[in-house]
Amino acid sequence: MTHAAPPKRDFIRELVAEDVATGRFHRAPATRFPPEPNGYLHIGHAKSILLNFGIAREFDGRCNLRFDDTNPATEDMRYVESIQEDVRWLGFEWDGLFFASDYFEKLYEIAELLVKKGKAYVDSQSEEEIRTNRGTVTTPGVDSPYRNRSVDENLDLLRRMRAGEFPDGAHVLRAKIDMAHPNMIMRDTLLMRIRHFDHYRRGDTWPIYPLYDFAHGLSDAFEGITRSLCTLEFKDNREIYEWLVNEAGFENPPTQIEFARLELDYTVLSKRKLLRLVNEGFVSGWDDPRMPTIAGLRRRGVTPEGLRNFAEAIGVARKPARTELATFEHYVRDDLNMRVPRVMCVVNPLKVVLTNYPEGEGEQLEASYYPHDVPLTGSRPVPFSRELYIEREDFMENPPKKFFRLAPGREVRLRYGYFITCTDVVKDSAGEIEELRCTYDPATRGGDAPDGRKVQGTIHWVSARHALDAELRLYDKLFTVPNPDDLPEGQEFTDVLNPNSLVVVPNAKIEPSVGADPVGSRYQFERTGYFMTDPVDSREGRPVFNRTVTLRDTWAKLKGQPG
RNA sequence: UGCCCCGUCGUCCAAUGGCAGGACAUGCGGCUUUGGACCGCAGAAUCGUGGUUCGAAUCCACGCGGGGCAACCA
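Using the numbering used here, the letters of the first sequence map in sequence onto residues 6 to 568.
Shown next as structure tokens:
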């Protein structure tokens, strides 16, 4: 078990602590989580949410949820809803709920202000010309022929842009900075563009829309944010951020700090790519349990606590870094281990007949829901009878050394049941093992031998007559390579999808106790893994279980070793 | 190639001029009615070269390596 670590002090929290100590902002620390509603939140966002909301919580500050909805072409109310649901599910509540689209009026006022100050102008070059004239990383750009329009002309044009007089692309509002600036972002940054496009919240009331650089920092400033946390790729945008909040005249404006986004082995975390997985049918939707989305992880059975512990454990730094999947799985298991009941489910059944157990009879055995080291109590009755199913993997006719399970002539313990000894192997005409004949020792009821004799292995089982049929969905990594974002020439991420990322087991055998449990129940199937009933596809009498994560498997590791 | 950021165990994160530490992973052992969990032990790192300093992972310079920036995306 992982114990609570001392409070994490990353470089961002150090800076915030310093703000508090020096009174730099003359207000309590304020952060914001600023998603664009153009997709579902994913595990990388969880890191950002923990950071932003966590800092607000720890420093007695505030954290807003603000939708950066400045691009009407890609955004949708559906995403706004899913994002709120996901943030709440993670355990956070925002102090203020805002939309950049509510700031269009204020932003427009600042646009006019900049024009009047001679700090912005209307450019009428084509998109192509703008791109060409920006220059390259090694060559300076060239001034637009419209760069020296008079304030009056700029103001007139801007007002007519606002009035909807021009078609898309006819004009654009730009900051007047320096076309030879070494920072590409600062080469007369584009501020507003014309888009005759219905916005999901503002309808057709706005024919012009602010661009990210124009909207983001000023929105932060409107809300009194102190530290604007974003990922590394926005480093160069910091300069225009500061330029704008200063030109707009804010006192004690927010400051941007960049940190490294999460990269996780065997997954992709770009919204563009996740959207393709959904749209092109590689997964069943944004909440497919194989998706690294919050919704996908939730449906898979991951708990908010597990996800939070993971997001906190990986830390925050300025160095781009990939995290191993094992780290994530560790925190998922670590949380589940301490909270979910154990039950028995046989994935790949092999019939066992107890030849010395009376026919037609049966009994109920008491089985604890939790192992000795989990401080929770509770138990359920498990039916026992002459015919059982055990895991096919738990029997070997010619066992190698260190195989502790059932084999001809060998005795093992049935978990919470009896010791059994294999006496016969029954095969079909093709030589496949059809069933096992075993004897049981009536003196070992519950799993202890009065004579003190030990067995090497304990295996799980279900009573054939009483078992429920269940569908199991065994999930594995979505990709076959650790970094699907970095592939050889000519390959793209859809070429390295794992064909076995979902294996459906249509007829697993599970103990009947789970039949009464509500959908969304989580379990550990003993010796197999953690599972949750699928909230969408489970049916009365026909439960569907999603495998959240396997158990650590020392035997699999041993098996994989040569010798 | 111009500007910017970053280089610490296999991986992630600490050490804020003074004994390089934690977590995950790995290996070995213990314990065990889950080959789970837990416990113990072990191996494992400061990109390089100079410099400053009593003392450098930390400061400076130069290399080398990785990443970001040339959407009317965010």
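Beta carbons: idealized from backbone N, C-alpha and C, even for Gly.
CB-CB under 7 Å to residue i, same chain, minus the five flanking residues each way: which ones, in chain order?
i	result
F389	G367, E368, L370, G422 and S468
D491	none
L112	P215, F219, A220 and L223
R32	G229 and T231
P309	W94, L95 and G96
C235	Q261 and E263
Using C-beta distances below 6 Å, list every residue in its chain close to residue i, excluding the 5 sequence neighbours before and after it, in chain order.
i	result
F255	A226
L102	L70
G222	Y246, L249 and V250
D429	R442
T485	V501 and N503
P548	A475 and T538
R304	D292 and P294
A10	A caution first: A10 carries a pLDDT of 41, below 50, which makes its placement in the model too unreliable to give a value.
Q130	S149
T463	R418 and R420
Between residue i and the rest of its own chain, which residues show a CB-CB distance below 8 Å, the 5 nearest in sequence each way excluded?
i	result
V351	Y394, I395, E396, H465, W466, V467, A472, A513, K514 and I515
P172	I199 and H201
P376	R347
Tell me whether residue i sits in a helix, a strand or coil according to DSSP, three-state version.
i	result
V147	coil
D456	coil
M184	coil
V337	helix
E329	coil
H8	Only weak support is given to the placement of H8: the predicted model assigns it a pLDDT of 39, under 50, and the value that follows is read from those uncertain coordinates. Correct three-state label for H8: coil.
L95	coil
F104	strand
T559	helix
P489	coil
R323	coil
G367	strand
E440	strand
P386	strand
T449	helix
A125	strand
D161	helix
Y374	coil
P567	For P567, the predicted structure reports a pLDDT of 49, less than 50, and the residue's modelled location is therefore unreliable. The matter cannot be settled from this model.
P294	coil
P309	helix
Alpha carbon to alpha carbon, what distance is there between residue j and residue i?
i	j	result
P511	R391	25 Å
N76	H204	8 Å
S543	K324	43 Å
L355	E439	7 Å
E133	R139	10 Å
L381	M537	19 Å
S526	L341	12 Å
P39	G146	32 Å
V21	T328	26 Å
L162	V127	7 Å
N242	A331	34 Å
M166	P212	7 Å
S434	G290	45 Å
G208	D481	43 Å
G568	K406	Caution is warranted here: a pLDDT of 40 is assigned to G568, below 50, making its placement in the model unreliable, and the coordinate value is therefore given only provisionally. One C-alpha to the other measures close to 10 Å.
P42	E334	28 Å
V509	L483	15 Å
T79	V273	20 Å
T141	L237	21 Å
T555	Y45	26 Å
Answer yes or no: the CB of residue i versus the heavy atoms of the ligand FAD, is any distance below 7 Å?
i	result
N76	Annotation note on the ligand FAD: not contained in the displayed structure, which lists no ligands.
Requested in this report: Give, in chain order, every unbroken run of the alpha helix (DSSP H) that is at least 4 residues long and sits entirely within the stretch 13–89.
Outcome: Complete alpha helix (DSSP H) runs here, min 4: 16–27 and 48–63.
Query raised in the report: Counting Cβ pairs closer than 8 Å, one from the stretch 171–188 and one from the stretch 71–88, do we hit at least three?
Result: Three or more beta-carbon pairs separated by less than 8 Å are not found between the stretch 171–188 and the stretch 71–88, which leaves the two stretches without contact.
Report task. Ignoring anything shorter than 4 residues or poking outside the stretch 194–273, list the alpha helix (DSSP H) runs there in chain order. Result -> Counting only unbroken stretches of 4 or more residues, the alpha helix (DSSP H) elements lying wholly within the stretch 194–273 are 217–227 and 243–252, in sequence order.
Report task. Mind the definition here: the stretch 92–102 touches the stretch 307–317 only if three or more C-beta pairs lie below 8 Å; say whether that holds. Result -> As far as the Cβ criterion goes, the stretch 92–102 touches the stretch 307–317, which means the pair count is three or higher.
Query raised in the report: Between the stretch 46–62 and the stretch 264–273, are three or more C-beta pairs nearer than 8 Å?
Result: Result yes; three or more Cβ-Cβ pairs closer than 8 Å.
Query - Uninterrupted beta strand (DSSP E) stretches inside the stretch 392–436 (no shorter than 3 residues) - result: Uninterrupted beta strand (DSSP E) stretches at least 3 residues long and entirely within the stretch 392–436 occur at 392–396, 416–419 and 424–432, given in chain order.
Query raised in the report: Could you give the uninterrupted runs of the beta strand (DSSP E) lying entirely in the stretch 507–551, keeping only those of 3 residues or more?
Result: Listed in chain order, the complete beta strand (DSSP E) runs (minimum 3 residues) inside the stretch 507–551 are 507–515, 527–530 and 534–538.
Query raised in the report: Any contact of the stretch 193–201 with the stretch 166–179, i.e. 3+ C-beta pairs under 8 Å?
Result: Counting C-beta pairs with one atom in each stretch, the stretch 193–201 and the stretch 166–179 have three or more that are closer than 8 Å, which means they touch.
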